Amino acid sequence: MLSLPETRFDFCGDEYIFAQITNDMSAESNFKAIAITNELRRRNIPGIIEIYPANASYLVRYDPEALSPFSLLDYLKEIDITKSDESELNMKCKIVEIPIWYDDPVTKEYSIRFNERNKEITESNFDFVMKLNGFKDKDRFIDAHSKVPHLITMLGFTPGTAWTYPLGIPREEIIRAPKYTSPRTQTPKLAIGIGGAFSVIYPTQSPGSYQLIGMSAVPVYEHQQRLEAFKDSIFLASPGDLWKYRTIDESEYRSITKEVEDGTYRYKMKDVHFSAEEYIRKEEKYLSELMEDF
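Residue numbering for the sequence shown follows our numbering, beginning at 790 and increasing consecutively.
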């Protein structure tokens, strides 16, 4: 049974309303944020300019000359009540496989280079996160991170950056890591990092503070839209999608990156109808059914 506190609404300046569903991240609060923002888009209310879903909240920008903030607030409260029923949190999404070369030499070199910004840690980020989460065996750590689907909770920071949150495991078993004390000035393109309970793939070279554990062999942002997966959007991810990380070795990494370079790579993906109600009720069993063939 879904049980969330009452949503808090705040006016932000003259053009925004911010809705805080919960203070702490949970899959259920994110399901609600996505369901509400999807419903707002479906209604296409005149005067709404942009809608931003986040991990446990959302932000709506509106034109105050076209839409009264109090009318918009009434809309949001009405939708919020509807989406407090778990049967209303279903959504269409896609499952995408992301091949990852874990503990690769590039992210290892970057983590050592910037270790003075990382609480004086002298080992690689991968080894630090592995030991911090109680793993002594590299393969067991990789399996724990890659065996479960990750929910795309929000996009932001840089174009194409997707926050992914693991589903189907107890909160106490989620792999977690602190961010760097002072951010790196550089992060290699397509490095995957962990910060808090979230995993992210850096779409481009950029500053960053998440602990680096590997490299994606495939892009998550493609401005030129060469690959088939980007024909409708320059972003691979959408909030509500599921990513399944798959471990690969160096040989397969080189092979896949060559296909990406040639424009011939095809992502393994499928469209699904995700039922938050079924997930809340059955969790791991439901995910196993949903993730068949992945």
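Using N, Cα and C, we set each Cβ at its ideal position, and we do this for glycine too. Please read these numbers as outputs of a predicted model, since none were measured by experiment.
Alpha-carbon to alpha-carbon, residue j and residue i
i	j	result
Thr911	Arg929	22 Å
Thr1046	Ala1006	6 Å
Val885	Gly1029	12 Å
Glu798	Tyr864	Residue identity check: residue 798 is Phe in the sequence provided, not Glu. For Phe798 and Tyr864, the distance between alpha carbons rounds to 12 Å.
Arg831	Glu962	36 Å
Glu1066	Lys866	21 Å
Asn833	Asn907	45 Å
Thr826	Glu854	22 Å
Ala933	Asp803	46 Å
Phe788	Ser846	An answer regarding residue 788 cannot be provided, because it is not within the stretch 790 to 1083 covered by the chain.
Ala822	Glu1072	19 Å
Thr970	Phe903	11 Å
Thr896	Leu856	48 Å
Phe951	Ser873	Note on identity: in this sequence residue 951 is Ala, with Phe being the wrong assignment. Roughly 25 Å separates the two Cα atoms.
Lys927	Asn914	13 Å
Asn812	Val849	18 Å
Ile838	Tyr1075	36 Å
Thr796	Ser1044	48 Å
Leu862	Ser876	23 Å
Gly982	Ser900	11 Å
Ser792	His1012	40 Å
Arg1055	Pro794	42 Å
Ile931	Asp852	47 Å
Glu905	Thr974	12 Å
Leu960	Pro894	The displayed chain sequence assigns Arg, not Leu, to residue 960. Distance between the alpha carbons of Arg960 and Pro894: 30 Å.
Cβ-Cβ distance between residue i and residue j below 8 Å
i	j	result
Pro938	Met1080	yes
Phe917	Gln809	no
Lys1033	Phe1083	yes
Phe800	Pro858	yes
Ser998	Lys978	no
Glu1050	Trp890	no
Leu944	Ala1026	yes
Thr993	Tyr1010	yes
Met1004	Ala980	yes
Gly949	Phe1063	no
Beta bridge counterpart(s) of residue i as assigned by DSSP
i	result
Ser995	Thr976
Val849	Ile806, Ile840
Gln1014	None; Gln1014 has no bridge partner.
Asp874	DSSP lists no partner for Asp874.
Val885	Trp1032, Met1058
Ala951	Leu944
Ser1005	Ile889
Ile990	Ile981
Phe800	Ile806
His939	Pro955, Trp1032
Phe1024	Tyr1010
Phe1063	Met880
Ala966	Gly985
Whole-angstrom C-beta distance between residue j and residue i, which should lie under 8 Å
i	j	result
Leu921	Ala816	About 23 Å separates the two Cβ atoms, so there is no contact after all.
Asn819	Asn844	6 Å
Thr942	Ser995	Not confirmed; about 20 Å, so no contact.
Leu829	Ile870	That belief does not hold up - the Cβ atoms of Leu829 and Ile870 are roughly 14 Å apart, past 8 Å.
Minimum Cβ-Cβ distance from residue i to chain D less than 8 Å
i	result
Ile887	Within the model displayed, chain D is absent; a lone protein chain is all it includes.
Nearest residue (CA-CA) to residue i, options the options
i	options	result
Arg836	Glu828, Ala822, Ser860, Tyr847	Checking the sequence, you will find Gly at residue 836 rather than Arg. Measuring from the Cα of Gly836, the nearest candidate turns out to be Ser860.
Lys1057	Gln1013, Pro888, Ile823	Pro888
Ile1002	Ala824, Val1009, Tyr991, Pro1008	Tyr991
Thr976	Glu898, Tyr1075, Thr1053	Glu898
Lys936	Pro972, Val895, Ala980, Tyr954	Tyr954
Gly923	Ile964, Asp893, Asp892, Trp952	Ile964
Cys882	Ser1077, Asp1060, Tyr1068	Asp1060
Leu940	Tyr1068, Thr1053, Ser1044	Tyr1068
Val989	Glu875, Leu1031, Val849, Thr974	Leu1031
Ile958	Ile983, Glu909, Ser1077	Ser1077
Pro1086	Arg973, Thr1053, Gly984	Outside the displayed span of the chain (790 to 1083) sits residue 1086, for which this structure offers no information.
Arg1015	Tyr1042, Glu1048, Gly984, Ile983	Glu1048
Tyr1042	Ser876, Asp892, Glu905	Asp892
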